[in-house]
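Below is one structure, written out as structure tokens; comments come after it.
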Amino acid sequence: MIESTGKQFYLQTADSSYWFRVTKFGHLEHVYYGPALPVQDMEPLALKRTAQWGSTVAYDQDDLNYSLDIVPLEWSGTGYGDYRFAPAELVMPDGSYSQDFTYVRHVVTPGYHPMKTLPSAYGTNGECDTLTITLRDNATRVELDLIYTVFEQVNVIARRVVLRNASSGEVVINRLLSGMVDLPGRGLNLITFDGGWIKETHKHVRPLEYGFNVNSSTTGASSNRHNPGFLLAEQTATESCGLVYGFNLVYSGNHLGIAELHNNDLARVAVGINDHCFNWRLDPGESFETPQMVMTVSDQGFNGASHNFHDFINQNIVRGGWKNKERPVLFNNWEAHFFDFDQSKLEELASSAKKLGAELFVLDDGWFGKRDADNAGLGDYSVNLKKLPKGLAGFGKYLNKIGLDFGLWFEPEMVNEDSDLFRKHPEWASLVPGRRHAQGRNQYVLDLTNPAVQDYLIKSVSQIIDENHIQYVKWDMNRHISDAFSPLLENQGEFFHRYMIGLYRVLKQIFITRPHVLLESCSSGGNRFDLGMLCFSPQVWSSDDTDPVERLAIQGGLSYLYPPSTMGAHVSAAPHQQTLRLTPMSTRFNVAAFGVLGYELDLKYVGRLEQKEIKDQIEFYKRHRRTLQFGRFSRIDNPKPNKVCWQTAARDGHEVISGFFQTQATAAEGYDTLKVLDLNPKARYELSTRPQPLYLARFGGLIKHVLPVELAPDGVIMRTAGKLYKMDDAVEHYQGTGALFAQGVMLANQFIGSHYNAETRLLGDFGSSLYVTELKK
Ligand code: DGJ
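The sequence shown begins at 576 in this note's numbering and counts up one residue at a time.
Structure follows, in structure tokens:
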């Protein structure tokens, strides 16, 4: 709901309020962002200006206390005394860098305003309202619309700006962010989600200190280095209490997030397109639209902010046939085969996968052109008939016959030098003439600013999808952009942003017109996990790291910003290809279950017992799929540093699924508790461990103390026995009220080095269990 009384604006969501007003000089003064308050006079919450700050420049000699440097603002200019970070750097038609945008008019409209060039959050008229405030730089008549769309039920406000050149001269944009706000900044932590390949979105917390704190990407994508989403939180905030602000950007290119703590204790937050190599010229009559930034706030801790973002993404970002629709359990052949496969290997894997319960088979890299390694073939769409003599259609028919849907990998934005496409159209690769060229993974980036390149991709990918009844596409992108250049552009400062506009056009043409196709975007794993891609792909491959211990950090980090329904998560073979770590099969599943489940391992080398375990896992996942993919996901505080606890609660309240994970075991571990939240305090529930096997090999030499006869731990008999017999991990059952479970159930002892019995939990390094808490009828 948006209310305006005179020049005061109240943006109200179910649980939050965002208030600002127009000052006597026409600037937008931010007043409050926090837990919901009833609409009333906002003066008590406004920052006071009863004295003149030293070292400030007065905006007007009639009021020396009014310096733009100390006013909390919704938008700041340049050249009038605000020395904090400016969301825009413009060369104005008068040749100066000065800009002073002040209030002209506003309008409130139901629903949202779709954008011309970029994807945006969307909603029905009942779900959201939009406030557009027009500001003008009176000296030049350049105008700026600040556009706020309020998503009431999910507590999210989306913001963007449109700069309109209503003057008669040129405007040069060196920087134009999507929005900014000045918040009370004392005692806050800044939380970012950073990393690199196979270690994406690790959470990093640091106190917000004076000066600039920057969260940015210049790789051409939103990047695995710094996810565009970040949080500011009270330093005392926990997962379930305390004030937390969240910010993100609906964009997949270079991004910039700034949190600047100023000496007046205000924290300026600004988010938008990175100004790195950015330059855009606006002729008279032209306008420029920025991507949307999104904001949320909660006083219910990090989970509160996450719940808002999760609901917003499921309701107002993801669209098409897969919105809120349960996602299939897939088998992907990448970690099993890499490039080394043929039709019979694929059929063998697919038929075993089907027997274990898979619903979709994904043929990954290597099916086209001369693609036997990563140095050839990208850009070409002819099927490799040596590997697939009956073509894609023939393999697809086989899959459909055995009851599996067909998914296919593409990497459309790239080209290898050794490809027919590069031989025919070298000018389609983004390369700077006269300079040396840099390759990443032996490939160049295609010039997606070029409409001919866009059309080639739209035609090639669409044709393959349609001719082969492809139900799922994995859209990969395996390098950062270098050599940014298009022969078609007069101003190369437009390259990075026009690349994104081109990519979004391609994705729109292929996928919005084929809503039945499930798109999973990927970029060497989670190198482009962002709200822009989620407007087209309901799920994203979270990381090339399938080691579940690493995934606790990766999926855990992602979960602050994105819901489980968006996270591709696979069970793979151990020791893991990324870390050489050996982890239990149960933990690989228990972690992947908190995302969109898949498997990628060669079943030929998986023994009978583990195959049975996989079958049971998939059955369990399917039974609880709605809760696991679309339930309310929370991280549970646990004081022990070697524990991670997650849970997801069914929306109708009938069950909660919890995961209890141990990273490194410590000797003689003390008690463990499992808190189950989001239950009805008065209703009665039963909590049960999901049964999972324990393999004899896990016990090594200890096994001789358990068996009546002494056998060599690695001898033939033990190895054979290990293939045929298993033990069962401890299963616990408890009953009680929701209020009781919220206090934390005391779990059975862990293995503490004394002896083994069937009631003791055998976690060791990297052990874990899932628990189902069900409402009693
Ligand atoms: C990188 C992806 O993240 C992997 O899952 C796989 O698809 C490879 N590319 C294939 O080249």
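Don't be surprised by glycine CBs; every beta carbon is placed ideally from N, CA and C.
Where residue i and residue j are concerned, what is the direct C-alpha to C-alpha distance, given to the nearest angstrom?
i, j, result
"M1302", "E901", "33 Å"
"H1308", "A1258", "17 Å"
"L648", "A1225", "41 Å"
"D1036", "N1017", "The sequence given here has Val at residue 1036, not Asp. Answer to the nearest angstrom: the Cα atoms are 22 Å apart."
"L639", "V646", "13 Å"
"Y1357", "D704", "No answer is possible for residue 1357: it lies beyond the span of the chain, which begins at 576 and ends at 1352."
"K599", "P803", "35 Å"
"F545", "A1059", "This structure gives no information on residue 545, because the portion of the chain shown stretches from 576 to 1352."
"N899", "W1116", "18 Å"
"D980", "E1095", "15 Å"
"E718", "T1141", "38 Å"
"G982", "H851", "37 Å"
"N1053", "S1099", "5 Å"
"N592", "V893", "The residue asked about is misnamed: residue 592 is Ser in this sequence, not Asn. Roughly 25 Å between the two C-alpha positions."
"H801", "Y826", "13 Å"
"A588", "N730", "The sequence given here has Thr at residue 588, not Ala. Roughly 5 Å separates the two Cα atoms."
"S1209", "W984", "32 Å"
"R761", "A808", "10 Å"
"T813", "S873", "12 Å"
"E1194", "G1131", "24 Å"
"Y1246", "D1191", "29 Å"
"V1336", "G1342", "Val is not the amino acid found at residue 1336; the sequence shown has Arg there. Those two C-alpha atoms are separated by around 9 Å."
"G701", "S1118", "37 Å"
Looking at the structure shown, is residue i part of a helix, part of a strand, or coil, going by DSSP?
i, result
"H1047", "According to the sequence displayed, residue 1047 carries Tyr and not His. Y1047: strand per DSSP, three-state reduction."
"S881", "helix"
"H1072", "helix"
"E1065", "coil"
"Y1196", "helix"
"V1366", "The requested residue 1366 is not part of the displayed model; the chain covers only 576 to 1352."
"W1003", "helix"
"I1189", "helix"
"G771", "coil"
"D995", "helix"
"E618", "helix"
"Y1180", "helix"
"S630", "coil"
"G754", "strand"
"G795", "coil"
"K1034", "helix"
"K1279", "helix"
"R1207", "strand"
"S1161", "helix"
"L1271", "helix"
"E578", "strand"
"R1201", "helix"
"Q636", "coil"
"E809", "strand"
"A1367", "It is not possible to answer for residue 1367, since the shown part of the chain is limited to 576 through 1352."
"E1175", "strand"
"N891", "helix"
"V1284", "coil"
"A1224", "strand"
"E814", "coil"
"E986", "coil"
* Distance cut 6 Å, beta-carbon to the ligand DGJ heavy atom: residue list by chain order -> That query returns the following residues: W909, D939, D940, W984, D1051, N1053, C1097, S1099, G1100, W1116, D1119.
* **Secondary structure, beta strand (DSSP E): runs of 3+ residues fully inside the stretch 905-979** => The stretch 905-979 contains these whole beta strand (DSSP E) runs: 905-907, 935-938.
* Asked: Can you list the beta strand (DSSP E) stretches of 3 or more residues lying completely in the stretch 1290-1349, in chain order?
  -> If only uninterrupted beta strand (DSSP E) runs of at least 3 residues are considered, those enclosed by the stretch 1290-1349 are 1301-1303, 1308-1312.
* **alpha helix (DSSP H) segments (min. 4 residues) lying fully within the stretch 1061-1145** => As summarised for the stretch 1061-1145, the continuous alpha helix (DSSP H) elements at least 4 residues long and confined to that stretch are 1070-1082, 1106-1109, 1123-1134, given in chain order.
* Sufficient close CB pairs (3 or more, under 8 Å) joining the stretch 1282-1290 to the stretch 1161-1181 -> With the rule of 3 Cβ pairs closer than 8 Å, the stretch 1282-1290 does not count as touching the stretch 1161-1181.
* Asked: Between the stretch 852-866 and the stretch 741-750, do three or more beta carbon pairs fall short of 8 Å?
  -> Short answer: they touch.
* Contiguous beta strand (DSSP E) assignments of at least 3 residues, all confined to the stretch 1232-1264 -> Secondary structure remark: continuous beta strand (DSSP E) runs of at least 3 residues inside the stretch 1232-1264, in chain order: 1259-1264.
* **Inter-stretch contact (C-beta, 8 Å, three-pair minimum) for the stretch 1187-1204 and the stretch 951-960** => Touching, no.
* Are there three or more Cβ pairs, one per stretch, closer than 8 Å when the stretch 906-917 is compared with the stretch 876-891? -> No, because fewer than three Cβ pairs between the stretch 906-917 and the stretch 876-891 fall closer than 8 Å, the two stretches do not touch.
* **Secondary structure, beta strand (DSSP E): runs of 3+ residues fully inside the stretch 693-772** => Secondary structure within the stretch 693-772: the beta strand (DSSP E) runs of 3 or more consecutive residues, fully enclosed, are 703-712, 717-726, 731-739, 746-759, 763-769 (chain order).
* Length at least 3, wholly inside the stretch 821-888: the beta strand (DSSP E) runs in chain order -> If we require 3 residues or more, the beta strand (DSSP E) runs fully inside the stretch 821-888 come out as 830-836, 841-848, 855-857, 862-864, 867-873.
* Are the stretch 915-931 and the stretch 1001-1013 in contact at 8 Å, needing three or more beta carbon pairs? -> Result no; under three Cβ-Cβ pairs closer than 8 Å.
* Asked: Contact between the stretch 838-852 and the stretch 751-760: three or more CB pairs below 8 Å?
  -> Contact between the stretch 838-852 and the stretch 751-760 is present, because at least three Cβ pairs lie under 8 Å.
* Should the stretch 1148-1161 be called in touch with the stretch 1132-1139, which here means at least 3 C-beta pairs below 8 Å? -> Result no; under three Cβ-Cβ pairs closer than 8 Å.
* If you pair each beta-carbon of the stretch 1079-1097 with each one of the stretch 1019-1038, do three or more pairs fall below 8 Å? -> Flag = yes, the stretch 1079-1097 and the stretch 1019-1038 touch.
* Fully enclosed by the stretch 652-699, which beta strand (DSSP E) runs are 3 residues long or longer? -> Correct list: 663-666, 676-685.
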